[in-house]
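From first to last, the protein sequence lines are chains V and G.
All residue numbers for the first sequence refer to the working numbering, where the first residue is 8 and numbers rise by one.
All residue numbers for the second sequence refer to the working numbering, where the first residue is 249 and numbers rise by one.
Heads up, the beta-carbon is just placed ideally off N, CA and C, and yes, glycines get one too.
Bear in mind that the values here come from a model prediction, so they are computed numbers and not experimental data.
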Amino acid sequence: MIHDMIAIVRDYWLLLLIGQYPNGPLGGLANTLILSALSIALAFPVSILFAMARLSKSPLLRWPVTALVYFTRGVPLLMLILWSYFLVPLLTGADVPSFVTMLTTLVVYQSAFLSEVVRAGIVALGPGQMDAARALGHGHVGAMRYIILPQALYNMIPSILSTFVSTIKDTTLGYVINVPDLTFAASQVNNQLLTQPFQVFLILAIVYFAICWTLTYFANRLERRITRRRAGLLNVPAALVTPSKIVSEQL
Amino acid sequence: MSGFDLSAILGNPEYVAMLLHGIEMTFIIFAGSWSLAMALAVLLLSLRLSPFRFGDPIVAAYVSYHRNVPTLVQLMLWYFGIFTLMPSGLGEWLAIHNAEAIFAVIGLGLCQAAYFSEDLRSGVRSVGPGQMEAARALGHGYVSAMRFVIMPQGVRNALPPLINHSVSLFKNSSLAVIIGASELTHAVKEIENLSFRTFEIYLIGTVLYLFFSLVIMSIGAYLSMRADPARSARA
Numbered sequence: 008m009i010h011d012m013i014a015i016v017r018d019y020w021l022l023l024l025i026g027q028y029p030n031g032p033l034g035g036l037a038n039t040l041i042l043s044a045l046s047i048a049l050a051f052p053v054s055i056l057f058a059m060a061r062l063s064k065s066p067l068l069r070w071p072v073t074a075l076v077y078f079t080r081g082v083p084l085l086m087l088i089l090w091s092y093f094l095v096p097l098l099t100g101a102d103v104p105s106f107v108t109m110l111t112t113l114v115v116y117q118s119a120f121l122s123e124v125v126r127a128g129i130v131a132l133g134p135g136q137m138d139a140a141r142a143l144g145h146g147h148v149g150a151m152r153y154i155i156l157p158q159a160l161y162n163m164i165p166s167i168l169s170t171f172v173s174t175i176k177d178t179t180l181g182y183v184i185n186v187p188d189l190t191f192a193a194s195q196v197n198n199q200l201l202t203q204p205f206q207v208f209l210i211l212a213i214v215y216f217a218i219c220w221t222l223t224y225f226a227n228r229l230e231r232r233i234t235r236r237r238a239g240l241l242n243v244p245a246a247l248v249t250p251s252k253i254v255s256e257q258l
Numbered sequence: 249m250s251g252f253d254l255s256a257i258l259g260n261p262e263y264v265a266m267l268l269h270g271i272e273m274t275f276i277i278f279a280g281s282w283s284l285a286m287a288l289a290v291l292l293l294s295l296r297l298s299p300f301r302f303g304d305p306i307v308a309a310y311v312s313y314h315r316n317v318p319t320l321v322q323l324m325l326w327y328f329g330i331f332t333l334m335p336s337g338l339g340e341w342l343a344i345h346n347a348e349a350i351f352a353v354i355g356l357g358l359c360q361a362a363y364f365s366e367d368l369r370s371g372v373r374s375v376g377p378g379q380m381e382a383a384r385a386l387g388h389g390y391v392s393a394m395r396f397v398i399m400p401q402g403v404r405n406a407l408p409p410l411i412n413h414s415v416s417l418f419k420n421s422s423l424a425v426i427i428g429a430s431e432l433t434h435a436v437k438e439i440e441n442l443s444f445r446t447f448e449i450y451l452i453g454t455v456l457y458l459f460f461s462l463v464i465m466s467i468g469a470y471l472s473m474r475a476d477p478a479r480s481a482r483a
């Protein structure tokens with residue numbers, strides 16, 4: 008069986024890595040990683056705006072964003088993907104590639120989840136930081152820009168990393184709208200071989216595990232470091248400090 | 249396609265029957281995988297708390313696998329992979345008895361057990377060590393101290409993440425459509441194919457999911473309130 012798996016990797020590694028590129032669209036693992044990185048990069052600034060809107064005193068800012076966040080968290084990602092699958096072409100009037108559809112969905116979805124992370128980071132700083140910044144003469148925006156956000160985002164680096172992990176896992180759902188990612192490539196391999204589905208999907212699981220585990224590992228190490236630094240205990244052995252556990256989003 | 253018209257779907261008994269069947273299957277998958285996950289999570293937790301030396305790394309590996317491999321890939325591995333490796337008698341039996349739903353329950357349940365067991369573990373860990381010492385000093389044995397002193401407090405601490413993860417499990421039950429189970433998302437896609445009323449049927453499907461997610465959340469909120477009225481009032 009391990010023999011079969013090695014043979015599959017030997018024969019199909021290029022397809023699994025970059026899909027049919029350059030004879031077709033870029034796909035495989037490369038596409039999975041590009042899709043995840045792009046959606047986090049786009050969701051990040053949006054999530055900061057969402058978080059600030061949710062913490063704002065103005066109900067006009069707070070309510071719509073809160074509703075959007077609750078809606079996004081209460082509906083399965085698969086449903087959202089199907090929505091954008093027919094809404095995005097309808098709104099843009101153009102033939103939109105499935106990659107863009109998936110990217111749009113992921114940005115909305117991850118913005119909602121990340122905004123909760125950012126909000127928690129801001130709330131965790133405590134009101135004293137804001138009071139002090141205001142006392143020093145900063146306006147609300149200046150205080151946010153120079154005092155609150157730099158600290159909150161620094162503390163949130165591990166959670167952002169684990170959101171990245173969950174985004175990588177979420178990209179697999181692009182399978183339903185034929186996004187040419189790693190899962191899609193593996194099912195192509197499976198369709199060509201027909202006789203070794205277990206081996207093919209085990210390889211797929213191992214690849215995802217290797218990537219996500221590595222990132223989770225770094226997120227946990229970073230979290231320990233940051234917890235110690237925030238506590239002013241950089242020289243204390245890690246074992247003496249127990250950080251709050253990273254709860255990565257499911258899927 | 250003419251204007252927005254919900255009655256094109258809700259007025260059609262055939263579509264309503266399909267939706268109801270989808271809801272029923274979604275709940276069967278949710279209830280089945282939730283029970284499997286909870287039973288396994290308790291088992292994993294006791295393995296971790298036991299003096300058995302290899303318990304810890306075994307559970308850690310289990311949790312790590314299920315948290316770092318996408319649920320969809322786990323489902324595919326079960327349905328497309330492990331299914332084909334099964335002895336033919338068992339395979340046939342499964343094929344007759346709605347194999348898609350059974351593998352959805354297995355895949356989602358095993359995966360969810362990892363999250364539930366972590367929730368329970370951090371709940372139990374947050375019960376101070378003094379509680380165990382006090383219980384032992386009062387004459388409880390290990391098992392009865394666990395049963396009467398530690399676990400009730402641990403489960404209460406673990407309730408909020410358990411509820412969150414139960415909602416996630418409910419939403420993830422939609423993944424079963426990819427291995428061909430005829431649950432709610434499947435019904436939505438079928439009705440879309442038959443009626444071409446894309447907007448209306450997705451709206452109905454989305455509202456149903458949102459409604460049931462909110463119901464599960466409120467049941468959870470009620471349970472936490474009953475478990476600890478004082479703390480919920482503070483929160």
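Asked	Found
Terminal residues of the alpha helix (DSSP H) in which V53(V) lies	G35 to L62
Cross-strand partners of G468(G) (DSSP beta bridge)	None; G468(G) has no bridge partner.
Paired residues, beta bridge with G26(V) - DSSP	L33(V)
CA nearest to the CA of A352(G), picked from N420(G), V264(G) and K437(G)	N420(G)
Chain G contact for T99(V) (CB, 8 Å cutoff)	no
Nearest residue (CA-CA) to S54(V), options A127(V), M137(V), N198(V) and R235(V)	A127(V)
Exposure of G270(G), with buried meaning 16 or more beta-carbon neighbours within 10 Å	buried
C-beta neighbour in chain G for L113(V), strict 8 Å	no
Within-8 Å CB hit, T274(G) to chain V	no
Rounded distance between the beta-carbons of N316(G) and T223(V), thought under 8 Å	6 Å
Distance, P408(G) Cα to V214(V) Cα	32 Å
Cutoff 8 Å: F216(V) Cβ touching any chain G Cβ	yes
Residues from the stretch 462-473 of chain G in contact with chain V, defined by Cβ distance under 9 Å	L462 and M465
Where the alpha helix (DSSP H) through F444(G) begins and ends	Per DSSP, F444(G) belongs to no alpha helix (DSSP H) and is neither H nor E.
C-beta atoms of L22(V) and L36(V) nearer than 8 Å	no
Top-ranked residue by Cα proximity to V95(V), from D138(V), A193(V), L209(V) and V107(V)	V107(V)
Chain G contact for L180(V) (CB, 8 Å cutoff)	yes
Short Cβ contact (8 Å threshold) for T170(V) with F93(V)	no
Within the stretch 115-166 of chain V, ranges of the alpha helix (DSSP H) (whole runs, at least 4 residues)	134-142 and 147-150
Extent of the continuous alpha helix (DSSP H) to which L87(V) belongs	L84 to T99
Separation of R445(G) from S255(G), as counted between CA atoms	11 Å
Interface positions of the stretch 309-320 of chain G facing chain V (Cβ-Cβ less than 8 Å), listed along the chain	S312, Y313, R315, N316, V317, P318, T319 and L320
Beta carbon proximity, M324(G) to chain V, threshold 8 Å	yes
Inter-residue spacing [alpha-carbon to alpha-carbon] between Y310(G) and F275(G)	26 Å
Selected residue, minimal CA-CA separation from R228(V), among A193(V), N162(V) and V72(V)	N162(V)
Residue interval of the alpha helix (DSSP H) (run including Q360(G))	A347 to R373
Cβ-based burial, V248(V) [other Cβ within 10 Å; buried from 16]	Confidence at V248(V) is low in this model, with a pLDDT of 49, below 50, so the placement of that residue is unreliable and no value is reported for it.
CB of Q360(G) within 8 Å of CB of L417(G), strictly	yes
Closest Cα partner of G34(V) within the set A139(V), G100(V), D188(V) and N198(V)	D188(V)
Cβ shell of Q203(V) (< 6 Å), same chain only, five flanking positions each side left out	D11
Contact between the stretch 100-116 of chain V and the stretch 43-62 of chain V (3+ Cβ pairs under 8 Å)	yes
Where the stretch 66-91 of chain V meets chain G: residues whose CB sits under 9 Å from a CB there	Y77, F78, R80, G81, V82, P83, L84, L85, M86, L87, L89 and W90
Assigned secondary structure, F252(G) (DSSP; H/G/I helix, E/B strand, else coil)	coil
Residue from I354(G), F252(G), S472(G) and I257(G) whose Cα sits closest to the Cα of A287(G)	I354(G)
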